[in-house]
Amino acid sequence: MDAEAPQKAKKSMWGQARELAQMAPPERNRWVDFLRAMSIMAVVIGHWLVAAPYIDGSGEVQGGHLLGILPWSQWLTWGFQVMPIFFLVGGYSNGVSWAAQIRKAEESATGVYRDWFASRVQRLITPVFPVLLLWAVIAVGMTQAGMDRDQVKMATQLALVPVWFLAVYLLVTALTPLSFKAWKRFGFGSFAALAVAAIVIDWLTLSRGVSYINFINFLFVWVGIHQLGYAWKDGALGKPAVAVAVFLIGLAVLFGLTVYGPYPVAMIGVPGAEITNSMPPTIALFALGVMQTGLVLALEPSGRRMLENLSVWTATVLMNGMIMTVYLWHLTAFVLVMVGAWLLGGIGLEVFPGTAGWWLARPIWFALYILALLPMIAIFARHERSFGPIRGGRTVPKVRVVLGVLMICVGLAMTAAISIASPEGITGVRLWVVALPFLGAALVGFGPAYFSNKRSVT
426 MDAEAPQKAK KSMWGQAREL AQMAPPERNR WVDFLRAMSI MAVVIGHWLV
476 AAPYIDGSGE VQGGHLLGIL PWSQWLTWGF QVMPIFFLVG GYSNGVSWAA
526 QIRKAEESAT GVYRDWFASR VQRLITPVFP VLLLWAVIAV GMTQAGMDRD
576 QVKMATQLAL VPVWFLAVYL LVTALTPLSF KAWKRFGFGS FAALAVAAIV
626 IDWLTLSRGV SYINFINFLF VWVGIHQLGY AWKDGALGKP AVAVAVFLIG
676 LAVLFGLTVY GPYPVAMIGV PGAEITNSMP PTIALFALGV MQTGLVLALE
726 PSGRRMLENL SVWTATVLMN GMIMTVYLWH LTAFVLVMVG AWLLGGIGLE
776 VFPGTAGWWL ARPIWFALYI LALLPMIAIF ARHERSFGPI RGGRTVPKVR
826 VVLGVLMICV GLAMTAAISI ASPEGITGVR LWVVALPFLG AALVGFGPAY
876 FSNKRSVT
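Right, here's the structure in full:
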């Protein structure tokens, strides 16, 4: 066995992914993994397109936003805003995982939820630690070098904005036992109740002007889409005709809400817009999720046949093995390329976004982003699942899990909302924001110490 270790270490990432692909059980729904991988690619491409900095006539760098510059491009967000698919796939995966945990509980009910949820938290949050630490160090360095603090904030917030998704996803995952039980008892009634609740929240926001209540829709909308994942898992949406009907209903509602209703066409925020469909989510984004659910389920039979091809399935496994790394680091790669272009005298940044020259240059810029991202993948992707069991397998007290997850979520939410960069202080960094995820992880029972070569058996 020891003689084989060096040979395995030298094996390419593709070779390792191929081995894992061949080991996948035949009952595994490969379409779920494919959707997760393709969604990440859509997010990456979308972010790299939407963020469009340029140098204006005065020589200043402006943070251009493609959707604001080219209004027609807002329609593209119906394809590139794929967070609903993440929650759909999450519902499917959490449903499978939690059902298995319930079966195990028949043998031993000790720490069933706590152990299951702490493990999910660990898998999601461990890859966040290096990117958060690196940008904290970079922010301190830029501040000490005398860089304008607004620019420091812009860079750090742009690079770290993807972490908002993890904060919300963790909260939705935390509710899995309740949402799963509601699905088993009420079926689509549990989905309908969440849809009605989201509609009421939007009505209170838009018609009655109630402030901040719309943030509740982070749960109503995303848990609602998560419920559809349970429906998919149980085969309640399995017939192609049903899936097509769901797609058409979602499309019709979305079209009505945006073209004839008060909601903007863009499914992400646009600078200067009075309403955003994503922060927090609205019923328009809910309708997009329904539409996308119908579409991906209608395509499932063809997709599963496609994934019988070993090369396609291997590529899917490979992408899923680095999915968090790509998601968390792709905007860091973007920022590094932009900084490099600025240091070289603004090369390429003098072209105004949306012009013919700008579009023709996209392949070159994308190639640079990929080149910048590759070293990050090589360094950090190996650690995505390189951790051992939490606290040596001992059950973490419930109170610690709850407090720890709340600290992690608040820290990640603040990282995306207000940035880790501080307008005051010697360091130029909001140390409490950086510290919260680490402290929360320590309470749950894991941390950066688990960056080892051990692989989890769960």
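If you want our numbering, it's the 1-based position in the sequence shown plus 425. Built from N, CA and C at the ideal position, the CB exists for glycine as well. All figures in this text were calculated on a predicted structure; none of them were measured in a lab.
Cβ shell of residue i (< 7 Å), same chain only, five flanking positions each side left out
i    : result
M692 : T502, W503, Q506, N702, S703, L710 and L713
Q526 : V537 and W541
F459 : G728, L732 and T741
F672 : M716, G719, L720 and A723
S498 : L491 and L492
M438 : L743
S533 : At S533 the pLDDT is 49, less than 50, meaning the model places this residue with poor confidence and gives no usable figure here.
L600 : V648
L596 : L644 and C834
R574 : T568, A846, P848 and G853
V593 : F643 and W647
Alpha-carbon spacing of residue i relative to residue j, whole angstroms
i    : j    : result
A618 : G771 : 52 Å
S727 : P665 : 11 Å
L513 : A656 : 10 Å
L732 : I480 : 45 Å
A476 : V776 : 14 Å
I563 : V586 : 16 Å
V678 : N639 : 20 Å
Q547 : F590 : 15 Å
S736 : G663 : 26 Å
R816 : R545 : Residue confidence is low: R816 scores 47 on pLDDT, short of 50, so the model does not pin down where it sits. Its coordinate-derived value is still stated next. Taking the straight line from one Cα to the other gives about 14 Å.
A806 : W628 : 43 Å
S604 : V858 : 30 Å
P496 : A841 : 25 Å
M610 : A524 : Residue 610 is actually Arg in this sequence, not Met. Spanning the two alpha carbons is a distance of roughly 14 Å.
G773 : L796 : 17 Å
N454 : S518 : 10 Å
R633 : G614 : 27 Å
N734 : R825 : 45 Å
G779 : R528 : 54 Å
L559 : V553 : 10 Å
A561 : L868 : 22 Å
V684 : W500 : 11 Å
Y794 : W767 : 15 Å
W608 : F616 : 8 Å
G818 : L828 : Note that G818 scores a pLDDT of 49, beneath 50, so its modelled location is shaky; the value from the coordinates is reported in the next line. G818 and L828: Cα-Cα distance of roughly 20 Å.
V667 : S464 : 23 Å
For residue i, the three-state DSSP class (helix, strand or coil)
i    : result
P800 : helix
P705 : coil
Y594 : helix
Q652 : helix
V457 : helix
Q487 : strand
I693 : coil
I480 : strand
V553 : helix
V854 : strand
A467 : helix
A607 : helix
A580 : helix
A860 : helix
A570 : coil
A846 : strand
G773 : coil
Closest Cα partner of residue i within the set the options
i    : options                   : result
I833 : M508, V537, G681 and I550 : I550
A748 : L798, L735, N734 and E699 : As written in the sequence, residue 748 is Ile, which differs from the Ala given in the question. The residue with the shortest Cα to Cα distance from I748 is L798.
I804 : T780, V597, T750 and L735 : T750
R539 : P602, V588, V695 and G746 : P602
F643 : I708, D659 and V671       : I708
P687 : I624, N519 and A806       : I624
M839 : T581, A698 and R453       : T581
V521 : R574, W473 and G660       : G660
P478 : S636, P706, G829 and W783 : W783
M801 : H472, L769 and L761       : L761
G440 : L861, L828, W790 and T739 : T739
L557 : F863, L868 and F645       : F863
L653 : F511, L631 and I494       : F511
E452 : K658, A592, P509 and H472 : K658
R787 : L474, G489 and A442       : L474
Nonlocal neighbours in the same chain, by C-beta distance under 6 Å from residue i, ignoring five residues either side
i    : result
E725 : W456
K578 : S844 and A846
A462 : T741, M744 and N745
Same chain, Cβ closer than 8 Å to residue i, neighbours up to 5 away in sequence not counted
i    : result
L831 : G865
beta-carbon residue i near the ligand FAD non-hydrogen atom, thresh 7 Å
i    : result
T852 : Absence of the ligand FAD from the depicted structure is noted, as is the absence of any ligand whatsoever, leaving it without description.
*Are the region 482 to 490 and the region 445 to 459 touching, with three or more C-beta to C-beta distances below 8 Å?*
no
*Between the region 566 to 585 and the region 851 to 861, do three or more beta carbon pairs fall short of 8 Å?*
yes
*Below 8 Å, can you find three or more Cβ-Cβ pairs linking the region 647 to 655 to the region 612 to 628?*
yes
*Decide if the region 451 to 470 is in contact with the region 751 to 767; the criterion is three or more beta carbon pairs, one per stretch, under 8 Å apart.*
yes
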